[in-house]
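A.B. asks: Numbering (the UniProt record's numbering), first residue to last: 1 to 53. Yeah, the Cβ is synthetic: ideal placement off N, Cα and C, and Gly gets one too.
See below:
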């Protein structure tokens, strides 16, 4: 009984605070960075002539 309970607690802890939520946050941050980088590259290609000196 005690072993099953600790397993359940560990499972809940991992789901809430473990490596998966951290990995999910990192993936979201990475995707956001890729999206921002892509958007800035596209913007610069489209409007680069405005910045040309």
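(1) Using a Cβ-Cβ cutoff of less than 8 Å, which residues in the same chain neighbour residue 14 once the five nearest sequence positions on both sides are dropped?
(2) Cα separation between residue 32 and residue 38?
(3) For residue 7, which three-state DSSP category applies?
(4) Mind checking which residues open and close the alpha helix (DSSP H) that includes residue 48?
C.D. replies: Here's the rundown:
(1) In the chain shown, the residue the question calls residue 14 occupies position 14. Closer than 8 Å at Cβ, skipping near neighbours: 20.
(2) Locating residue 32 in the chain shown gives position 32, where the first residue counts as 1. Locating residue 38 in the chain shown gives position 38, where the first residue counts as 1. Going by the C-alpha atoms only, they are around 10 Å apart.
(3) One-based indexing of the chain shown puts residue 7 at position 7. Of the three classes helix, strand and coil, the one that applies to residue 7 here is helix, per DSSP.
(4) Counting from 1 along the chain shown, the entry for residue 48 is found at position 48. Taken as a continuous stretch (DSSP letters only), the alpha helix (DSSP H) holding residue 48 covers 19 to 51.
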